[in-house]
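Chemist: Just passing along the structure, written as structure tokens.
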Amino acid sequence: MAGGVGQAVSGGVPGVSTATRRAWLPGRCLLCGDPSDRAALCPHCLCDLPFLGPGCRICALPGPAGDAPCGACQLRRPPWRSATAALRYGFPSDTLVRALKYRRRLAAGAALSQAMAWAGPPPPALASPVTPWLVPVPLHWTRELVRGFNQAVELSLQLSRATGWPVLPRALRRVRRTRAQAGLGRWRRRRNLAGAFRWRGPDLAGQAVVLVDDVLTTGATAEACCRALKGAASVDLWVAARALD
Ligand SMILES: [Zn+2]
Ligand SMILES: [Zn+2]
Numbered sequence: 020m021a022g023g024v025g026q027a028v029s030g031g032v033p034g035v036s037t038a039t040r041r042a043w044l045p046g047r048c049l050l051c052g053d054p055s056d057r058a059a060l061c062p063h064c065l066c067d068l069p070f071l072g073p074g075c076r077i078c079a080l081p082g083p084a085g086d087a088p089c090g091a092c093q094l095r096r097p098p099w100r101s102a103t104a105a106l107r108y109g110f111p112s113d114t115l116v117r118a119l120k121y122r123r124r125l126a127a128g129a130a131l132s133q134a135m136a137w138a139g140p141p142p143p144a145l146a147s148p149v150t151p152w153l154v155p156v157p158l159h160w161t162r163e164l165v166r167g168f169n170q171a172v173e174l175s176l177q178l179s180r181a182t183g184w185p186v187l188p189r190a191l192r193r194v195r196r197t198r199a200q201a202g203l204g205r206w207r208r209r210r211n212l213a214g215a216f217r218w219r220g221p222d223l224a225g226q227a228v229v230l231v232d233d234v235l236t237t238g239a240t241a242e243a244c245c246r247a248l249k250g251a252a253s254v255d256l257w258v259a260a261r262a263l264d
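Next up, the structure:
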């Protein structure tokens, strides 16, 4: 592990951002450059990712494990059944998310989906009697055109390989362009997203849906997606990273 992840992490962002800026060599770990047997991350870096421990099964915030939802979810129950987040959003998961989202580093997507698959699919979806559909949170088409791709679709395609569940990449549409959510409070985020999503896919009746996204922050986007997924038997969230504040 010379130059390994321990060094990269304690050395701070520059080491890793330089590594992620370098062309990724298949067979080499994206974060430390050590041999990784064709996976995006070597076993050491994969283990060193900030995996979220036990927590609330509804909102994925860390806390005591168990069936009871956290206090916030008991006060105001989100419209989805469960949320599973692999990582805490912060270094180095934020580096991987940004590398995927803004620089189209598919290797970063492979690392994130590797972590998501490792943390496991949402347990209720895994126990579902019907095969769940993986539905990526969509971008508006104009944004997807500019960016060239949707990071949630990329994650879904890789998770489909891990689970065997089909991806419906264009079934949920973002029909209205919305302003950036960053800096808006929960209420303004909800207003900003009202009516932004529409279901244009096959009949949802009786279907188990797993909504896939890169980061779960306030849940306003997922809530707006759930409103468009009315009719599905269940919606579970599966995200790469959970923002904790
Ligand atoms: Zn590594
Ligand atoms: Zn909760």
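According to my numbering, the sequence shown is numbered sequentially starting from 20. A virtual CB, placed ideally from N, CA and C, is assigned to each residue, including glycine.
(1) Just to check, is the beta-carbon of C75 closer than 6 angstroms to a non-hydrogen atom of ligand 2?
(2) Run the proximity test for L50: is its beta-carbon closer than 6 angstroms to any non-hydrogen atom belonging to ligand 1?
(3) Within 10 Å of its beta-carbon, does F216 have 16 or more other beta-carbons around it, so buried, or fewer, so exposed?
(4) Closest to G82 by CA distance: which of R107, G204, C61, K249 is it?
(5) Could you check which residue in T236, L145, R207, G204 has the C-alpha nearest to that of S179?
(6) Return the Cβ separation of A181 and A136 in integer angstroms, given the expectation that the two are a contact with Cβ distance under 8 angstroms.
(7) Is it buried or exposed for Q133, if we count other Cβ within 10 angstroms and need 16 for buried?
(8) Among the residues of its own chain, which have a CB less than 8 angstroms from the CB of L96, if the five just before and after it don't count?
(9) Does L248 pass the burial test, meaning 16 or more other C-beta atoms within 10 Å, or should it be called exposed?
(10) Under 6 angstroms: does the beta carbon of D53 sit that close to some heavy atom of ligand 1?
(11) Between the stretch 194-214 and the stretch 55-64, do three or more beta carbon pairs fall short of 8 angstroms?
(12) Provide the residue(s) that pair with S112 in DSSP beta bridges, ordered along the chain.
(13) Using a threshold of 6 angstroms, is the CB atom of C66 nearer than that to any non-hydrogen atom of ligand 1?
Modeler: Let's see:
(1) In the sequence shown, the residue the question calls residue 75 occupies position 56. Checking the Cβ of C75 against ligand 2 gives yes.
(2) By 1-based counting over the sequence shown, the position of residue 50 is 31. Yes; taking the cut-off as 6 angstroms, the Cβ of L50 has a heavy atom of ligand 1 nearer than that.
(3) As a first step, residue 216 must be located in the sequence shown, where it is residue number 197. So F216 counts as buried.
(4) Taking the sequence shown and counting its residues from 1, the one referred to as residue 82 is at position 63. When only C-alpha atoms are compared, the closest one is R107.
(5) As a position in the sequence shown, residue 179 is number 160, starting the count at 1. The shortest C-alpha separation from S179 is found at L145.
(6) Position 162 of the sequence shown, counted from the start, is the residue given in the question as residue 181. Position 117 of the sequence shown, counted from the start, is the residue given in the question as residue 136. With 8 angstroms as the limit, A181 and A136 qualify as a contact, their Cβ atoms being about 4 angstroms apart.
(7) The residue labelled residue 133 in the question sits at position 114 within the sequence shown. Classification of Q133: buried, given that the 10 Å Cβ count is 16 or more.
(8) Locating residue 96 in the sequence shown gives position 77, where the first residue counts as 1. A quick correction: the sequence has Arg, not Leu, at residue 96. Around R96: I77, P88.
(9) Within the sequence shown, residue 248 is the residue found at index 229, counting from 1. The residue in question, L248, is buried, as its Cβ has 16 or more Cβ neighbours within 10 Å.
(10) Sequence index remark: in the sequence shown, residue 53 carries index 34 (1-based). Yes, the Cβ of D53 comes within 6 angstroms of a heavy atom of ligand 1.
(11) no
(12) Residue mapping note: residue 112 aligns to position 93 of the sequence shown, counting from 1. The partner list for S112 (beta bridge, DSSP) is empty, contrary to what the question assumes.
(13) For this step, residue 66 is matched to residue 47 along the sequence shown. No - ligand 1 has no heavy atom lying nearer than 6 angstroms to the Cβ of C66.
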